[in-house]
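If you count the sequence shown from 1, you need to add 12 to reach this note's numbering.
Glycine included, each C-beta is placed from N, C-alpha and C at the ideal position.
As the structure is a prediction and not an experimental result, all values here were calculated from the model.
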Amino acid sequence: MEPIYLDHAATTPMHPNVIKKMNDTMRDVFGNPSSIHHFGRSARAILDDNRRYLAQTIGADEKELYFTSGGTEADNLALIGVALANQNKGKHIITTEIEHHANLHAAEYLESIGFNVTYLPVDEAGYVNPSDLLNYLCDDTILVSIMLINNEVGAIQPIKDIAKLLNGHQAYLHTDAVQAYGLLNIDVNELGVDLLSVSAHKLNGPKGIGFLYAQKDVKFNALQYGGHQERLKRPGTESLPSIVGLRTAIQQIEDNKYSNFKLYSRYRDLFYQRLKESEIEFMVNGNIDQLAPTILNLSFANTKVESLLMSLDLEGIAASSGSACTAGSIEPSHVLTAMYGADHPNTKNSIRFSFGLANNEDQMIEAAERVIKVVKRLTGN
Ligand SMILES: Cc1ncc(COP(=O)(O)O)c(C=O)c1O
């Protein structure tokens, strides 16, 4: 039986061109970009070129990009770094109940050291209501952090509207764009954000690399101490092969703008249509017309998430019950709990299917058939 990977929101396979470019870099450019000799200068030139390329993919200046070990570190640097550097202006932060744990646990840490954090609720479709922000925004607010695409249900948040509401207010706006970079066309100026987090392994790049965009006037503290790299904000010898991998991954997408969006929508729709034609009972968590095409979170009545995941795995379907970090855990998803309330059945019978490079059209029909078989068996139909 061919295994079918429907967990691209957890991580994606690397694009063959990414692997090739990373191999070439590992073989040919091993110098430390901080060294002044020829080997170092060659590495520095490649580092600078990649930083410039990556910055222009989001309409930023190269001096506004800070390489990190991925999305978690970028989120931590944004939340904790901004909070520590701006506490003289206020100690209030606003985020949402549906953020990734990279954000939520950083926010909890800030609470433990004396900051106040407001967690905005979402509606049943997983959206933040921008006007809710105004109920909580105060003179003391220094940071608002709201993700662009939710990693569990795929809801695309109204970041532009939120940015407009913050016009003239001292609070910086951060967005976690880990699930959005490479899928949506992102321009930080059009979007109106001051900080933005990216991770390479969600867009067919390597694990362990990402960046934080921080607009040049944003004040934030480093969370580590060491060398002078990343303008002192993130010391440590740069992982050049990984940075080249990230650039190559986004370049595949930039070179054929939006083709992934269309392709993955097609995969998602094929899978969804086949399920709809069957007799199994299910509902979409979220509003299908407004979701990122890579993610489809479905609730199957009268089932349990643990048995669903186990049975799907036996049928060769790799899916997930929630964010990658909580995959395998039996705790109800915090995102679905925020959408429906605690103890709602959907928090305990939902599966996230996510589509991408490892898929093809034929697999979508086959995957749907296997899901139908599993659900029929588990519900006794
Ligand atoms: C929305 C979101 N933010 C942050 C992260 C963490 O990124 P990384 O795995 O690169 O640390 C993830 C990964 O699951 C994510 O989906």
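query = Using the rule of at least 16 other Cβ atoms within 10 Å of the residue's Cβ for burial, across every protein chain shown, is residue 188 buried or exposed?
reply = By 1-based counting over the sequence shown, the position of residue 188 is 176. Counting Cβ neighbours within 10 Å, residue 188 comes out buried, since at least 16 surround it.
task = Identify whether residue 311 lies in helix, strand or coil by the three-state DSSP scheme.
result = For the purposes of this step, residue 311 is taken as residue 299 along the sequence shown, with counting starting at 1. If DSSP states are grouped into helix, strand and coil, residue 311 belongs with the strands.
ask   = Just to confirm, are residue 364 and residue 330 a CB contact at a threshold of 8 Å?
value = As a working note, residue 364 is residue 352 in the sequence shown. As a working note, residue 330 is residue 318 in the sequence shown. Pairing residue 364 with residue 330 gives a Cβ-Cβ distance that is not under 8 Å.
inquiry  = Can you tell me whether residue 306 is helix, strand or coil according to DSSP?
reply    = In the sequence shown, counting from the first residue as 1, residue 306 sits at position 294. The DSSP-derived three-state label of residue 306 is coil.
key: Residues of its chain near residue 83, where Cβ-Cβ distance is below 8 Å and the 5 sequence neighbours each way are ignored   = Translated into the one-based positions of the sequence shown, residue 83 becomes position 71. Within the same chain, residue 83 has close Cβ partners 112, 114, 188, 190, 209, 210, 211, 214, 222.
ask   = Below 8 Å, can you find three or more Cβ-Cβ pairs linking the stretch 236-246 to the stretch 272-287?
value = These segments do not touch.
query = residue 96 to residue 312, Cα distance in whole Å?
reply = To locate residue 96, count along the sequence shown from 1; it is residue 84. To locate residue 312, count along the sequence shown from 1; it is residue 300. Rounded to whole angstroms, residue 96 and residue 312 show a C-alpha spacing of 44 Å.
ask   = Ends of the beta strand (DSSP E) at residue 155?
value = Along the sequence shown, read from residue 1 onward, the residue named residue 155 stands at position 143. Counting along the chain, the unbroken beta strand (DSSP E) around residue 155 starts and ends at 153-157.
query = From residue 155 to residue 261, what does the alpha carbon distance come to, in whole angstroms?
reply = In the sequence shown, the residue the question calls residue 155 occupies position 143. In the sequence shown, the residue the question calls residue 261 occupies position 249. Whole-angstrom Cα-Cα distance: 30 Å.
Range of the contiguous beta strand (DSSP E) that encloses residue 183 = As a working mapping, residue 183 is identified with position 171 in the sequence shown. Neither: residue 183 is in no beta strand (DSSP E) and is coded neither H nor E.
ask   = Hey, is residue 134 close to ligand 1, as in C-beta under 7 Å from one of its heavy atoms?
value = Locating residue 134 in the sequence shown gives position 122, where the first residue counts as 1. No, since every heavy atom of ligand 1 falls outside the 7 Å radius drawn around the Cβ of residue 134.
ask   = Just reading off the beta strand (DSSP E) that residue 363 is part of, what are its end residues?
value = Your numbering for residue 363 matches position 351 in the sequence shown. 362-366 is the extent of the beta strand (DSSP E) around residue 363.
query = residue 207 and residue 174: beta carbons closer than 8 Å?
reply = As a position in the sequence shown, residue 207 is number 195, starting the count at 1. As a position in the sequence shown, residue 174 is number 162, starting the count at 1. No; because the gap between Cβ atoms is not below 8 Å, this pair is not in contact.
request  = Name the residue from 102, 64, 346, 40 whose alpha carbon lies nearest to the alpha carbon of residue 181.
outcome  = Here residue 181 refers to the residue found at position 169 when the sequence shown is read from its first residue. With distances taken between Cα atoms, residue 181 lies closest to 102.
inquiry  = Measuring straight from C-alpha to C-alpha, what distance separates residue 282 and residue 16?
reply    = Locating residue 282 in the sequence shown gives position 270, where the first residue counts as 1. Locating residue 16 in the sequence shown gives position 4, where the first residue counts as 1. If you take the alpha carbons of residue 282 and residue 16, they lie about 15 Å apart.
request  = Could you give the DSSP three-state label for residue 93: helix, strand or coil?
outcome  = Position 81 of the sequence shown holds residue 93. In the three-state reduction of the DSSP assignment, residue 93 falls in the helix class, which pools H, G and I.
message = Can you tell me where the alpha helix (DSSP H) holding residue 79 begins and where it ends?
response = Within the sequence shown, the letter at position 67 stands for residue 79. Premise fails: residue 79 lies in the beta strand (DSSP E), 77-80, not in any alpha helix (DSSP H).
inquiry  = Could you compute how far the alpha carbon of residue 299 sits from the alpha carbon of residue 36?
reply    = In the sequence shown, counting from the first residue as 1, residue 299 sits at position 287. In the sequence shown, counting from the first residue as 1, residue 36 sits at position 24. Going from the Cα of residue 299 to the Cα of residue 36 covers about 44 Å.
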